[in-house]
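Q: Shown below is the structure under consideration.
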Amino acid sequence: MENIEKIHQYLIQFMLRNGVSTVQRAIKYCSKLENETVDMAKLGVIINHINRVICNQHFKLVFGTCEVTNKDLLVWLNLKNDPLSKSQPYFTERELEYFQAILEEIINSEQRKLMIVVCINITSTLTASFSRENGKSVLEKWIKSGYFVKNGEFIHLGLKLILEFTSYLRTHRPECVCYLCSELSFTGKICDNCDKMFHSYCIDKYMQNQTACPNCKQDWRETDVFKTLVEQSSTQMQITNIEEMNIDEGIIEPGPSWRGNRRNRSPCY
Ligand SMILES: [Zn+2]
Ligand SMILES: [Zn+2]
321 MENIEKIHQY LIQFMLRNGV STVQRAIKYC SKLENETVDM AKLGVIINHI NRVICNQHFK
381 LVFGTCEVTN KDLLVWLNLK NDPLSKSQPY FTERELEYFQ AILEEIINSE QRKLMIVVCI
441 NITSTLTASF SRENGKSVLE KWIKSGYFVK NGEFIHLGLK LILEFTSYLR THRPECVCYL
501 CSELSFTGKI CDNCDKMFHS YCIDKYMQNQ TACPNCKQDW RETDVFKTLV EQSSTQMQIT
561 NIEEMNIDEG IIEPGPSWRG NRRNRSPCY
């Protein structure tokens, strides 16, 4: 068993509480705990150590970039959630049904995003009563924990959802992968000529020294070469800021046991 120090214990609790954090904020939190500057390299060492401890609980901490906000994130993954239909303890039966309904609507929609009001309306289609208020509050909870991202009037898939439900998403939308890195992509850019999909951050990097589509060779220096799935003009203003939503900035003592920190639910499907 790996030796767990205070920093690991607190960071585990911090990530369990938040579900997702910007890398910047995790660094700030660790620096506060350690009373010295923790840089990216040191955070990496801390995360590797934690992963060795939590891996046999089917948990994992991973770094990634949100394709809607372009922010670098640290995400707490519960790998037991995958596949979606498997019994898992983090949702009530009705919440799981609601979650799955929203997820299906989003991945089956052309724009891979859903108006918030439509998400709330889905509550009335579930097999048992689930109020709009319940829908709103649970959706808010899922946005805070990184499953979904709110951008203006719309809900997109969040990085935590994409990483936890990778095999489900790859099975149902195999074409939703970035042509450059082969990872899932739902909110990036699409070549107007060949319809290949790209993460915005992958294409930005690629275009630093290339000008043609890597697939169809269409020259992208011409205007309107991309169909963009995020409203660019409003992105800066309206994306719900994770920093603002997770106001839980103070250092909180770890609870009795993070291993016991889950609800017991019977299998749903
Ligand atoms: Zn990519
Ligand atoms: Zn192309």
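Throughout the sequence shown, residue numbering follows the numbering used here, covering 321 to 589 in sequence.
Here a beta-carbon is modelled for each residue, glycine too, at the ideal position from N, C-alpha and C.
Just so we're clear, the structure is a prediction, and the values are computed from it rather than from any experiment.
Among Ser465, Trp540 and Cys496, which has the Cα closest to the Cα of Arg337?
A: Residue Ser465 is the option with its Cα nearest to Arg337.
Q: Which runs of the alpha helix (DSSP H) at least 4 residues long sit entirely within the segment 479 to 528? Give them in chain order.
A: Those alpha helix (DSSP H) runs which fall completely within the segment 479 to 528 and span 4+ residues are 479 to 484, 486 to 492 and 520 to 526.
Q: So does the segment 391 to 402 actually touch the segment 526 to 537, counting three or more Cβ pairs closer than 8 Å?
A: At 8 Å Cβ cutoff, the stretches do not touch.
Q: Evaluate contact between the segment 431 to 438 and the segment 491 to 510, counting only Cβ atoms and requiring at least three cross-stretch pairs below 8 Å.
A: Short answer: they touch.
Q: What did DSSP end up calling Met557 once you bin it into helix, strand or coil?
A: At Met557 the pLDDT is 39, less than 50, meaning the model places this residue with poor confidence and gives no usable figure here.
Q: Spatial neighbours of Ala448 within its chain, please: CB distance less than 7 Å, with the 5 preceding and 5 following residues excluded, ordered by chain position.
A: Excluding residues within five positions, the ones whose Cβ falls inside 7 Å are Arg414.
Q: Assuming Leu363 and Ile327 make a contact with CB atoms under 8 Å, what is their CB distance in whole Å?
A: Wrong, their Cβ atoms sit about 10 Å apart, outside the cutoff.
Q: So, helix, strand or coil for Asn441, using DSSP?
A: Residue state, collapsed to three classes: helix.
Q: In whole angstroms, what separates the C-alpha of Tyr330 from that of Gln377?
A: Going by the C-alpha atoms only, they are around 17 Å apart.
Q: Use the C-beta contact count for Glu325: other C-beta atoms within 10 angstroms, 16 or more gives buried, fewer gives exposed.
A: Classification for Glu325: exposed.
Q: By how many angstroms is the C-alpha of Cys386 removed from the C-alpha of Ile332?
A: Ile332 and Cys386: Cα-Cα distance of roughly 21 Å.
Q: Helix, strand or coil: which one does DSSP assign to Glu325?
A: Looking at Glu325 - three-state DSSP - the assignment turns out to be coil, as it is neither helix nor strand.
Q: Just list the alpha helix (DSSP H) runs in the segment 333 to 387, keeping only unbroken ones of 4 residues or longer that don't cross its boundaries, in chain order.
A: Counting whole runs of 4 or more residues, the segment 333 to 387 contains the alpha helix (DSSP H) stretches 343 to 354 and 360 to 374.
Q: Is Gln530 near ligand 2, judged by its Cβ being under 7 Å from some heavy atom?
A: Checking every heavy atom of ligand 2 against the Cβ of Gln530, none is found closer than 7 Å.
Q: Once the 5 residues before and after Ser520 are set aside, which same chain residues still bring their CB inside 7 Å of it?
A: Same-chain partners within the cutoff: Glu387, Asn390, Gly508 and Lys509.
Q: Along the chain, where does the alpha helix (DSSP H) containing Leu423 start, and where does it finish?
A: Glu413 to Asn428 is the span of the alpha helix (DSSP H), which, as asked, contains Leu423.
Q: Suppose the cutoff is 8 Å on Cβ atoms and the five residues either side in sequence are ignored; what does the same chain contact list for Ile436 look like?
A: Around Ile436: Leu459, Lys470, Glu473, Phe474 and Ile475.
Q: If you draw a straight line from the alpha carbon of Ser505 to that of Phe419, how long is it in whole angstroms?
A: Each residue's Cα considered, the two are about 19 Å apart.
Q: Whose C-beta lies closer than 8 Å to the C-beta of Cys439 among residues of the same chain, with five residues either side of it excluded?
A: Counting only Cβ-Cβ distances below 8 Å, and skipping sequence neighbours, we find Ile422, Glu425, Gly455, Leu459 and Ile475.
Q: Which value, in whole angstroms, describes the spacing of the CA atoms of Thr443 and Phe468?
A: If you take the alpha carbons of Thr443 and Phe468, they lie about 17 Å apart.
Q: So if DSSP puts Ala532 in a beta bridge, which residue, or which two residues, is it bridged to?
A: For Ala532, which the question treats as bridged, DSSP gives the partners Asp539.
Q: Which same chain residues, not among the five before or five after Ile559, have their C-beta less than 6 Å away from its C-beta?
A: Caution is warranted here: a pLDDT of 45 is assigned to Ile559, below 50, making its placement in the model unreliable, and the coordinate value is therefore given only provisionally. Same-chain partners within the cutoff: Thr389 and Asn471.
Q: For Leu331, decide whether its Cβ has a neighbour in chain D, counting only Cβ atoms nearer than 8 Å.
A: Absence of chain D from the displayed structure is noted, only one protein chain being present.
Q: Straight-line CA distance for Gly339 to Ile427?
A: If I take the Cα positions, the gap works out to 22 Å.
Q: Helix, strand or coil for Leu399? Go by DSSP, reduced to three states.
A: The answer is helix: DSSP assigns Leu399 an H, G or I state.
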